[in-house]
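Structure first, commentary second.
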Amino acid sequence: MDNASNPVLFAQFSDTSRTTILLEFQNNFTDAQEQEIHIAGLEDFCGNTINDTLGKFTYYLISAIEAFADSENLSG
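Under the numbering used here, the residue at position 16 of the sequence shown is numbered 112, and the numbers go up by one with no gaps.
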């Protein structure tokens, strides 16, 4: 991950269906920077191993710009 500068600290299946893997990384990602993830040696229930896979994604921080309450809908 992150050009090998952000290693995975922890990986586990999210539940017993084993369809989703949760990853925890050593460092936070940099906003709006493209990342790469390399997957290798992952095996399904039948023993089939996934081909080595390289994926790219861009992480964006969530930020609220503005939020206003509608005073007509407030009780009190």
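Heads up, the beta-carbon is just placed ideally off N, CA and C, and yes, glycines get one too.
Inset, instruction - Can you give me the start and stop residues for the beta strand (DSSP E) that Met108 sits inside? - result: Translated into positions along the sequence shown, residue 108 becomes position 12. Rather than Met, the amino acid found at residue 108 in this sequence is Gln. If you look at Gln108, you'll find it in the beta strand (DSSP E) that goes 104-109.
Inset, instruction - Starting from the Cα of His134, find the closest Cα among Asn124, Asn123, Asp127, Asp148 and give me that residue. - result: Within the sequence shown, numbered from 1, the residue matching residue 134 stands at position 38. Nearest of Asn124, Asn123, Asp127, Asp148 to His134, Cα basis: Asp148.
Inset, instruction - On a CA-only basis, which of Arg114, Ser101, Ala107, Pro103 is nearest Cys174? Give me that one, please. - result: This structure leaves residue 174 out entirely; the chain is present only between 97 and 172.
Legend entry - For Thr126, the nearest candidate out of Thr145, Ile146, Asn102 (CA to CA): As a working note, residue 126 is residue 30 in the sequence shown. Of the residues Thr145, Ile146, Asn102, the one whose Cα lies closest to the Cα of Thr126 is Asn102.
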